[in-house]
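Colleague: First residue of the sequence shown? That's 44 in the working numbering, and the numbers climb one at a time after it.
For each residue, glycine too, the CB sits at the ideal point set by N, CA and C.
This structure is in structure tokens; I'll ask about it shortly.
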Amino acid sequence: MAVPDLTTPATSVAKSCLPNQARGVAERAESRLLHNPYLALKTISCEYRDGNLILRGCLPTYYLKQVAQATVASVEGVERIVNLIDVTAPLPREGHEAREVSEVGEVSPL
44 MAVPDLTTPA
54 TSVAKSCLPN
64 QARGVAERAE
74 SRLLHNPYLA
84 LKTISCEYRD
94 GNLILRGCLP
104 TYYLKQVAQA
114 TVASVEGVER
124 IVNLIDVTAP
134 LPREGHEARE
144 VSEVGEVSPL
């Protein structure tokens with residue numbers, strides 16, 4: 044299976060899809076993410092090119108990465124999803140120290 048060229052400008056869309064239609068697909072996908080009850084999904088951006096919906100951003104868990112993909116999967120016009128969402132651990136909350144767990148299960152402050 045060929046991998047799409049993600050280095051071309053976003054304005055290059057399939058001949059059968061006008062630029063306004065491509066923008067509409069990305070906007071519908073982002074709208075679904077914005078209206079999802081998981082607040083973290085509001086930070087994800089969508090770009091649409093040649094039938095490919097490209098998801099970008101950062102989320103704290105792989106579960107939310109999958110939720111984001113499932114949320115936009117049924118958007119009309121999307122043939123394939125390219126999920127470029129990074130999963131990064133959230134920063135410790137204020138008042139909570141970051142801790143490291145050793146191989147033997149001991150917890151020590153960082």
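Taking one C-beta from the region 99-106 and one from the region 124-133 each time, how about it: are there three or more such pairs within less than 8 Å?
Modeller: The region 99-106, when compared against the region 124-133, does touch it at the 8 Å Cβ threshold.
Colleague: By the three-class DSSP mapping on this structure, what secondary structure does V68 have?
Modeller: Residue mapping note: residue 68 aligns to position 25 of the sequence shown, counting from 1. Three-state DSSP puts V68 in a helix.
Colleague: Starting from the N-terminal side, write out each stretch of the beta strand (DSSP E) that is 3 residues or longer and does not extend beyond the region 71-97.
Modeller: Correct list: 88-92.
Colleague: Just mark Y91 as buried or exposed, buried being the case when its beta carbon has 16 or more other beta carbons within 10 Å.
Modeller: The residue given as residue 91 occupies position 48 in the sequence shown. Buried is the call here.
Colleague: Around the Cβ of A113, are there at least 16 other Cβ atoms within 10 angstroms (buried) or fewer (exposed)?
Modeller: Here the question's residue 113 lines up with position 70 in the sequence shown. So A113 ends up on the exposed side.
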